[in-house]
Structure formats: C-alpha cells, structure tokens
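Read through the structure below, which is laid out as structure tokens, and then see the notes.
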Amino acid sequence: MRLLVTGGTGFIGSHACADLLARGHEVTIVDNLANSRADVVERIAAVAGRRPRFIMGDVRDRDAMLAVLRGQGIEGVLHFAALKAVAESWEKPLAYYDNNVGGSLALLHAMQEASVDLLVFSSSATVYGDPEHCPVDETAPRRGTNPYARTKLMTEDIIADIASQRRTFRAATLRYFNPAGAHPSGLLGEEPSGVPNNLMPYVAQVAAGERSEVQVFGGDYPTPDGTGVRDYIHVVDLARAHSEALEYLVREQRCLTVNLGTGRGYSVLDVITAFERACGRTIPRKLVPRRSGDVAACYADASRAFELLGWRARLGIERMCEDAWRWQSRRAARD
Ligand code: NAD
Ligand code: WQD
3 MRLLVTGGTG
13 FIGSHACADL
23 LARGHEVTIV
33 DNLANSRADV
43 VERIAAVAGR
53 RPRFIMGDVR
63 DRDAMLAVLR
73 GQGIEGVLHF
83 AALKAVAESW
93 EKPLAYYDNN
103 VGGSLALLHA
113 MQEASVDLLV
123 FSSSATVYGD
133 PEHCPVDETA
143 PRRGTNPYAR
153 TKLMTEDIIA
163 DIASQRRTFR
173 AATLRYFNPA
183 GAHPSGLLGE
193 EPSGVPNNLM
203 PYVAQVAAGE
213 RSEVQVFGGD
223 YPTPDGTGVR
233 DYIHVVDLAR
243 AHSEALEYLV
253 REQRCLTVNL
263 GTGRGYSVLD
273 VITAFERACG
283 RTIPRKLVPR
293 RSGDVAACYA
303 DASRAFELLG
313 WRARLGIERM
323 CEDAWRWQSR
333 RAARD
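Be aware that the sequence shown starts at 3, since it is given in the working numbering, and climbs by one per residue.
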C-alpha cells in the first residue's frame, strides 16, 4: 500500500516505518522535525533495505496534507505526530491542543477531502488515568487527567464520530502502554532532547555516566516494592502491531481499539535491576518523593490485541534494556 506516516522520524514512527517498508509498503513520512532529526530517514533505509520518502511538513497545514495525500496517491495514514510530555502539557496546554487535536483535525479534514479512509492512530494508556484495577482492558472508563491525556481522549472521540458518520472510514486506535527499547541494529531509538521525562532513557543516561543518579519517584506506593509499576513494551513489538492493525482494517473492514502492552508490570526498581544486568554496571539511584500526577500501577490486559490481530509482545524487559543500552552507547559515540 501507499502509506503516509506522520511523525515518522520520531521514536515509534521510525520503527513502524522500518516494519512497513520491510513488508513491501511504500512509505511517505511527513514530520516537522520538532522532536526528531532528518538523518533518521537514512537510518530507516539502512534497517529496512528500502527508502521512505521524506517531506518536511506540519500536520496542521491542511492544504499541505491534502497535497501529499493526492500527490502520492496515499491509501492509508499512520498518525504518530504529536507532542507527548505530560509535564510540558500543563505548562503549554494551548500548544498541546493545537498540535495534537488541531493537527489531527487538519489531517482528518484532508483525508476526507482526498477520500482516504484508513487511519491508524497513536493513542495511549494515559486515557485510563488512574485505573481502578489492573490489568486494565479497553472497556475501562477513560479519564483525561492532564492536558496531554485530554488531547488523546478528544482525538479518540473525533475519530469515533467520523467512523459512525462515514461508512467507508476505518480506524485503528492503538493505546500504547510504556514504549521502551530500541531497534536491535542500534540505528533507531529514542532521542530525548534535554532531561528525559521517561524512566528507561533516564536510566540509560545514568548507566552511560551522562547523569549522576536515577531519582526513583516514590517508594511508598501500594506495590510489591513500593515503587511505581508499569507495562513496558518493546518498540519493535509495538511497530509490528501497526502493520498488523493496518492489515486488520483492510481485511475486516471494521474499526478497532486495542491496548498494546505485554500484560506484565515491572516496578522502577525492577527496571533499574534489569538495566544493570544489560549494561554490566551499577546504576546509582536515590529515592525521592512521588512525582505529581503519577499512578501506582498501570498494566494492560492485552488479550483483545491477540484475539483480533493475532499480535502479542515477544520481547521482554531484558531485551528492552539490552537494545536501549546498545542504542545509548552508539548514540553517545555518534554525537
Ligand atoms: P516522538 O516525539 O519521538 O515522535 C513524534 C514525531 O512527531 C516527532 O518526530 C515530531 O517531530 C513529530 N511532530 C510533532 N508534531 C508535529 C506536527 N505538528 N507536524 C509534523 N510532525 C510533528 O514521540 P513518540 O514517542 O514516537 O510518540 C509517537 C506517538 O505515540 C505520539 O502520538 C505519542 O503521543 C504517542 N505515544 C507515545 C508514548 C511514549 O511514551 N513514547 C506512549 C503512548 C503514546
Ligand atoms: C515510569 C515509572 C515513574 C522517571 C508516561 C506518560 C504516558 C505515556 C508514557 C505518552 C513511573 C518512574 C520515571 C524517573 C522514576 N506517554 N520514574 N524516575 O509516567 O508511566 O507514562 O509515558 O502517551 O502518558 O505519562 O512513564 O517513564 O515517565 O515513568 O522513578 O526519572 O518510572 O514515577 O512509576 P509514565 P515514565
């Protein structure tokens, strides 16, 4: 298929592009490079053995999106482009609504105008807020507990409304849990700018000596070791799920909302220990107070993804840490 991937030079989008290209699809990336680098395109090509087309552009530019959809004869869209930092979304709510909701609206308008009816959308487990129980399945109540989460909730609802109005429109809403790891080649991975917000890239930078210690946010949660529990999912497993969701839309001609996680929860201390094993170094850590807005535990019931897509995670926490460490080491050497 001829596919448009918005945000395709970002962390998850770049892995999805590599997977889609390897399956024989034609890929056009639109990214404004707000949080990624143009040289990722070469690295995707090196991993996949085929080049994606790259167009520097902004999803909020409806005319530009329409020109891409028509000009490239696009048949389906994978929409990753978004801002994603929870704390920043409190500081800049307008930027988040503009980019994430406004960007999705512009893209959806252009898709309607160009009669492109297939969409795979990057949603997030953040839509569950503080889940009443874990594992959390797709029927759990959704709660937008911060501006970023609300942008995902709103976009999910906009997509559902379009699907109920336009008979030909098919969307897969994919709720990622905690993406982690990197491509095993060491060529693709996460490039946090400044201080990483997420645990795994922070731990990787401490292991590399770029930061002095991991701050463990809270040791008094009602979890086995008192630290926060999450469902870390290897980005390569996540990428594969996008290709499979796309195939589902084409095959079944039905919409889909699924959790993408492993179904297993790991604590902050579990992650640090697994990373120590992967890198062979001791990782200094310090217990500090809870981070505002964090929940004790969140992990997926991922059974629907298996039932509908035949997808399940194959790579565990050890591989996530090994691949994140390889990426961290190569990145330090490259930069
Ligand atoms: P990322 O920042 O690495 O990638 C996003 C890409 O989108 C970047 O390359 C950025 O330059 C681009 N972009 C942002 N705004 C744009 C715009 N207006 N026009 C064009 N390009 C734009 O983030 P990621 O981790 O790869 O996340 C991808 C998607 O998955 C996002 O929608 C994010 O909200 C969602 N998600 C991420 C996580 C996570 O923890 N990484 C978890 C759940 C959901
Ligand atoms: C994981 C655990 C922290 C950093 C966020 C977003 C969510 C989704 C994924 C996009 C928690 C602890 C972290 C650190 C720590 N993104 N931690 N020290 O908060 O589960 O989810 O990213 O959709 O919306 O909220 O991920 O990696 O930040 O934290 O102790 O330096 O690690 O308290 O328990 P989180 P995270």
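Glycine included, every Cβ here is placed at the ideal spot set by N, Cα and C.
Contact test: residue i Cβ vs the ligand NAD heavy atom, cutoff 8 angstroms
{"i": "residue 54", "result": "no"}
{"i": "residue 1", "result": "The structure shown does not extend to residue 1, since the chain spans only 3 to 337, so no value can be given for it."}
{"i": "residue 12", "result": "yes"}
{"i": "residue 37", "result": "yes"}
{"i": "residue 339", "result": "Look at the range of the chain in this structure, 3 to 337, and you will see that residue 339 is not part of it."}
{"i": "residue 8", "result": "yes"}
{"i": "residue 225", "result": "no"}
{"i": "residue 116", "result": "no"}
{"i": "residue 60", "result": "yes"}
Selection from the options that minimises the alpha carbon distance to residue i
{"i": "residue 199", "options": "125, 122, 87", "result": "87"}
{"i": "residue 103", "options": "161, 312, 182", "result": "161"}
{"i": "residue 224", "options": "125, 279, 298", "result": "298"}
{"i": "residue 159", "options": "175, 149, 170", "result": "175"}
{"i": "residue 50", "options": "39, 19, 40", "result": "19"}
{"i": "residue 10", "options": "309, 31, 234", "result": "31"}
{"i": "residue 55", "options": "71, 62, 64, 63", "result": "71"}
{"i": "residue 304", "options": "61, 212, 210, 265", "result": "265"}
{"i": "residue 118", "options": "5, 48, 15, 95", "result": "5"}
{"i": "residue 156", "options": "125, 173, 337", "result": "125"}
{"i": "residue 273", "options": "232, 316, 98", "result": "232"}
{"i": "residue 85", "options": "325, 36, 177", "result": "36"}
{"i": "residue 121", "options": "296, 255, 217", "result": "255"}
{"i": "residue 146", "options": "134, 138, 136, 130", "result": "130"}
{"i": "residue 165", "options": "294, 144, 222, 114", "result": "114"}
{"i": "residue 27", "options": "262, 73, 52, 271", "result": "52"}
{"i": "residue 59", "options": "8, 100, 17", "result": "8"}
{"i": "residue 328", "options": "187, 168, 289, 14", "result": "187"}
{"i": "residue 212", "options": "163, 101, 330, 321", "result": "330"}
{"i": "residue 207", "options": "269, 333, 15", "result": "333"}
{"i": "residue 168", "options": "230, 43, 185, 257", "result": "257"}
{"i": "residue 193", "options": "21, 170, 89, 39", "result": "39"}
{"i": "residue 205", "options": "170, 222, 177, 271", "result": "271"}
Rounded Cβ spacing between residue i and residue j (contact assumed at less than 8 angstroms)
{"i": "residue 311", "j": "residue 260", "result": "7 angstroms"}
{"i": "residue 48", "j": "residue 189", "result": "6 angstroms"}
{"i": "residue 127", "j": "residue 300", "result": "6 angstroms"}
{"i": "residue 33", "j": "residue 83", "result": "7 angstroms"}
{"i": "residue 237", "j": "residue 182", "result": "7 angstroms"}
{"i": "residue 306", "j": "residue 140", "result": "6 angstroms"}
{"i": "residue 101", "j": "residue 64", "result": "About 14 angstroms separates the two Cβ atoms, so there is no contact after all."}
Check: residue i C-beta below 8 angstroms from any heavy atom of the ligand WQD
{"i": "residue 41", "result": "no"}
{"i": "residue 264", "result": "no"}
{"i": "residue 181", "result": "yes"}
{"i": "residue 326", "result": "no"}
{"i": "residue 330", "result": "no"}
{"i": "residue 144", "result": "no"}
{"i": "residue 257", "result": "no"}
{"i": "residue 318", "result": "no"}
{"i": "residue 296", "result": "yes"}
{"i": "residue 219", "result": "yes"}
{"i": "residue 201", "result": "yes"}
{"i": "residue 127", "result": "yes"}
{"i": "residue 198", "result": "yes"}
{"i": "residue 267", "result": "no"}
Residue i: CB within 8 angstroms of a non-hydrogen atom of the ligand FMN
{"i": "residue 86", "result": "With respect to the ligand FMN, the structure shown offers nothing to examine, as its ligands consist of the ligand NAD and the ligand WQD."}
9 angstroms Cβ cutoff, residue i in contact with chain B
{"i": "residue 304", "result": "This model lacks chain B altogether; it includes just one protein chain."}
* **Stretch-stretch touch, CB-based, cutoff 8 angstroms, three pairs: the region 106-126 with the region 73-80** => yes
Item checked: Contact the region 279-298 vs the region 189-198: 3+ CB pairs below 8 angstroms -> no
Exercise. Please confirm if the region 142-156 is in contact with the region 200-208, defined as three or more CB-CB distances below 8 angstroms between the two stretches.
Key: no
Assess contact between the region 283-296 and the region 232-249, defined as three or more Cβ pairs (one per stretch) separated by less than 8 angstroms. Is contact present?
no
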